[in-house]
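*Asks:* Protein chains in written order, with numbering that gives the first Met the number 0: chain A, 0 to 304; chain B, 0 to 263. Think of the CB as a built atom: it goes at the ideal place given N, C-alpha and C, for glycine as much as any other residue. Just so it is clear, the structure is predicted and the values come from calculations on it, not from any experiment. Okay, handing you the structure first.
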Amino acid sequence: MSASRPLPRPLRTAAARRGRPTGPFLVAPVTLLFALLLVLPMALVGMLSLQGFDASSGGVLDAYSWHNYAQIVADPYYHEIFLRTFGLAISVTLGTIVVGVPEAWFIFRMSARWRAFFLILTLGPLFISAVVRTLGWSILLDGQGVVAQMLVRLHLVDTPPQMLFSFPAVVVVLVHALVPLMVLSVWTSLQSIDPQIANAAVSLGAGPFTVWRRIVLPQTAPGILSGSLMVFALSASAFATPALIGGRRLKVVATAAYDEFLHSMNWPMGAAIAVCLLVLNLGIVALYGRVIERRLKRRLGEATS
Amino acid sequence: MNRNGPVALGFHAAFTMFLIAPLAIVCLVAFTPGNLLGVPTLHFSARWFKALIDDPDFTQAFSNSLLLGALSATLAAMLGVPAALGLTRYRFAGRDAINSLLLSPLMIPPVVIGVALLQLFTRIGVSGSFLSLVLAHVMLVFPYCLRLIMASLVVTTRDAEHAAVSLGANAWTTFRRITLPALLPGIAAGWVLGFASSFDELTATIFIAAPTTITLPVRIYMSMTETVDPMVAAVATVIMAVTLGLMFVLDRLVGLDKVLMGKH
């Protein structure tokens, strides 16, 4: 408690003057909860990932080694899972860029009222539960579903295709789930553009595409980058969509960890996979933090919240 | 700046359809009169909603989800107010570290949190209990609560507090009569966003829910791995309606744009 000191202010509150409820005292309850529910179990997962597993008795062995990690590095089965997850995250990121970056620009150019309406409409689905979205897509993409019927009726295909349980389907559904974040991220950087620069370009004879490519795109690049990192991290750790749209055959890292825990009951292996996922994810988050920091530094002096 | 051309408007229309289609189809299918998943064309029926009310599995899951959301959001808000005050108004060793720790559930993959909690709860023998679910959800929704409370704390001035203190009010009176009322919109918004996040949470909950404590999203997930009938679409429609209602409340309280900008 003695290490804490209130911010120097012209007039301290009575509480601070008497030195009673200060900073550490106020954050203590929730910090304790997080220590018990987050820090401790994470440490336990780290330890568990080093333990062995006896397949015949289904028990966790007490010997500690790097065996599980060695197996992830050596076994082609896990290579495939990690490579598929990486490919999925890259594809989803590119998809959200292709769809989200132009859309953010189009919404930005609308009149104020439409702009507010479509911004809410675009970002609203972020709140809708992943299961609801996934259910919608599985109805749409099913072999007897709406899209298949439509393709047959338009004579594009002869027999209704089964589009579920395929890699492209997982990509499409994740793009749908995460594109609002890309729009949001690009939107934030669009707001700091000085419209006079674009007007100057137009008055000098630039067409709308040239204005977008030469003026707008370079200035939104930081927004695209931070949006990409966020989308990449979230699609690399996505669970419900790969599990339900990809099916059991298209395993990714998150569903592999789930299967080890709740189907194979090989908890140490599941823990090792989870640790790998966490490390990769935190690496991307750290990178994201540096990108944001650089953006803030560039806008030094401006209000940042 | 100039308006959007026909290509831009065409792209925009396609984008909006792409965004809305999967959500709209769920609502449509929920009103089908038939036994199979299909889009009703001429006749609409609420029979699957009636079936829902008669299904003890789903009513149990629904009440679990409501209770879980309310309890965890309330606890998170109660812990969030002192934490927000401590983090914004005081400087102390480890403040930044604690701030990052409290926001970290947003950055850790939910699968990893699920794995960690499953192991913890199994070891201490409370696995599958409702209490363990509440504790887990308090942690999962806490960052949303904290952010909104902190945001409303930053914009309030302390002049009224200083005036109250100089007029002889003690710390508790100042907090109860001045600080807390000024924070109420932020607390309410934090509660609503916390409730919504808990109500929608799937991935971490799958690991720790037992058949008796199952939540609505987990229930849908389980049925989707087997067969999908229109009743699942009806449940999903109910979830969506609840979420949209909460979004509306949030918009009234603090403005949805502010919530979204602070969400990630």
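Quick test of the definition: if touching needs 3 or more C-beta pairs under 8 Å, does the region 187 to 198 of chain A touch the region 134 to 152 of chain A?
*Replies:* The region 187 to 198 of chain A is not in contact with the region 134 to 152 of chain A.
*Asks:* Could you give the first and the last residue of the continuous beta strand (DSSP E) run that contains Asp61(A)?
*Replies:* Taken as a continuous stretch (DSSP letters only), the beta strand (DSSP E) holding Asp61(A) covers 58 to 63.
*Asks:* Helix, strand or coil for Asp193(A) per DSSP?
*Replies:* Coil, per DSSP.
*Asks:* By how many angstroms is the C-alpha of Leu84(B) removed from the C-alpha of Met149(B)?
*Replies:* Using only the alpha carbons, I get a separation of about 8 Å.
*Asks:* Considering Asp250(B), what are the terminal residues of the alpha helix (DSSP H) in which it resides?
*Replies:* Run containing Asp250(B): 229 to 252, per the alpha helix (DSSP H) assignment.
*Asks:* Residues of the region 23 to 40 of chain A in Cβ contact with chain B at a cutoff of 9 Å, in chain order, please.
*Replies:* Under the 9 Å Cβ criterion, the region 23 to 40 of chain A contributes Pro23, Phe24, Leu25, Val26, Ala27, Pro28, Val29, Thr30, Leu32, Phe33, Ala34, Leu35, Leu36, Leu37, Val38, Leu39, Pro40.
*Asks:* Can you give me the Cβ contacts of Val44(A) inside the same chain, cut-off strictly under 7 Å, excluding the 5 residues immediately before and after it?
*Replies:* Hits under 7 Å: Ala270, Ala273, Val274.
*Asks:* Can you pull the chain B neighbours of Met109(A), defined as C-beta to C-beta under 9 Å?
*Replies:* Per Cβ cutoff of 9 Å: Arg2, Asn3, His11.
*Asks:* Closest Cβ-Cβ distance between Gly85(B) and chain A: below 7 Å?
*Replies:* Chain A, which has a Cβ nearer than 7 Å to the Cβ of Gly85(B), makes this yes.
*Asks:* Distance, Cα to Cα, Ala306(A) vs Phe231(A)?
*Replies:* Limits of chain A in this structure are 0 at one end and 304 at the other, which puts residue 306(A) out of reach.
*Asks:* Does the region 128 to 139 of chain B come close enough to the region 56 to 71 of chain B that 3 or more CB-CB pairs lie under 8 Å?
*Replies:* Counting Cβ pairs under 8 Å, three or more are found: they touch.
*Asks:* What does the Cβ neighbour count give for Val6(B), buried or exposed, with the cut at 16 atoms within 10 Å?
*Replies:* The residue is exposed, with fewer than 16 neighbouring Cβ atoms inside 10 Å.
*Asks:* I need the boundaries of the alpha helix (DSSP H) containing Phe231(A), first residue and last residue.
*Replies:* Note, Phe231(A): alpha helix (DSSP H), 216 to 235.
*Asks:* Check the C-beta distance from Ile186(B) over to Ala76(B) and give it rounded, since I have them as a contact under 8 Å.
*Replies:* The Cβ separation is near 5 Å, so the contact holds.
*Asks:* Is the CB-CB distance between Val174(A) and Val91(A) below 7 Å?
*Replies:* In contact: Val174(A) and Val91(A) (Cβ atoms closer than 7 Å).
*Asks:* Which residues mark the beginning and the end of the alpha helix (DSSP H) in which Asp56(B) is found?
*Replies:* Its alpha helix (DSSP H) spans residues 55 to 88.
*Asks:* Tell me, to the nearest whole angstrom, how far the beta carbon of Phe120(B) is from that of Ser103(B); I am working on the premise that it is less than 8 Å.
*Replies:* Not a contact, Cβ separation roughly 19 Å.
*Asks:* Is Gly206(A) helix, strand or coil when you go by DSSP?
*Replies:* DSSP places Gly206(A) in coil when its eight states are reduced to three.
*Asks:* Does Leu201(B) get closer than 7 Å to chain A when you measure Cβ to Cβ?
*Replies:* Closer than 7 Å: yes.
*Asks:* Taking 7 Å as the CB-CB limit, is Tyr143(B) close to chain A?
*Replies:* Tyr143(B) does not count as touching chain A.
*Asks:* Alpha carbon to alpha carbon, how far is Ala168(B) from Val169(A)? Give it in angstroms, no decimals.
*Replies:* Their backbone Cα atoms lie some 60 Å apart in a straight line.
*Asks:* Which residues in chain A have a C-beta closer than 8 Å to the C-beta of Ile97(B)? List them in chain order.
*Replies:* Those are Val26, Thr30, listed as they occur along chain A.
*Asks:* Whose C-beta lies closer than 6 Å to the C-beta of Pro7(A) among residues of the same chain, with five residues either side of it excluded?
*Replies:* With a pLDDT of 47 at Pro7(A), under the threshold of 50, the predicted position of this residue should be treated as unreliable, though the coordinate-derived value follows. Excluding sequence neighbours, Pro7(A) sits near nothing in its chain.
*Asks:* Contact criterion: CB-CB distance below 7 Å. Does Leu70(B) meet it with respect to chain A?
*Replies:* Not closer than 7 Å to any Cβ of chain A, the Cβ of Leu70(B) fails to qualify, so no.
*Asks:* Name the residue from Ile244(A), Asp193(A), Met181(A) whose alpha carbon lies nearest to the alpha carbon of Glu102(A).
*Replies:* It is Met181(A).
*Asks:* Return helix, strand or coil for Gln148(A), following the three-state DSSP convention.
*Replies:* Three-state DSSP puts Gln148(A) in a helix.
*Asks:* Given a cut-off of 7 Å, decide if Phe30(B) and Leu215(B) are closer than it, judged by their beta-carbon atoms.
*Replies:* Taking 7 Å as the Cβ cut-off, Leu215(B) and Phe30(B) do not qualify as a contacting pair.
*Asks:* Grouping DSSP H, G and I as helix and E and B as strand, with all else coil, what is Phe52(A)?
*Replies:* DSSP places Phe52(A) in strand when its eight states are reduced to three.
*Asks:* Do the region 214 to 224 of chain A and the region 168 to 183 of chain B make contact, defined as three or more Cβ pairs closer than 8 Å?
*Replies:* With the cut-off at 8 Å, the region 214 to 224 of chain A and the region 168 to 183 of chain B do not touch.
*Asks:* Check this for me: beta carbons of Ile71(A) and Tyr63(A), under 7 Å apart or not?
*Replies:* In this structure, Tyr63(A) does not lie closer than 7 Å to Ile71(A) by Cβ.
*Asks:* Take Gly306(A) as the anchor and find which of Thr187(A), Val178(A), Ala220(A) has the nearest alpha-carbon.
*Replies:* Only positions 0 to 304 of chain A appear in this structure, which leaves residue 306(A) out of reach.
*Asks:* Can the beta-carbon of Ile112(B) be found closer than 7 Å to that of Val131(A)?
*Replies:* No.
*Asks:* May I ask which residues mark the beginning and end of the alpha helix (DSSP H) holding Gly282(A)?
*Replies:* Note, Gly282(A): alpha helix (DSSP H), 266 to 297.
*Asks:* By alpha-carbon positions, which one of Leu147(B), Ile213(B), Phe141(B), Arg46(B) ends up nearest to Leu183(B)?
*Replies:* The shortest C-alpha separation from Leu183(B) is found at Leu147(B).
*Asks:* Between the alpha carbons of Thr23(B) and Arg108(A), how many angstroms are there, rounded?
*Replies:* Residue 23(B) is actually Ala in this sequence, not Thr. Approximately 27 Å, taken between the alpha carbons.
*Asks:* Counting only C-beta atoms, is Leu252(B) closer than 7 Å to chain A at any point?
*Replies:* It does not; no Cβ of chain A falls within 7 Å.
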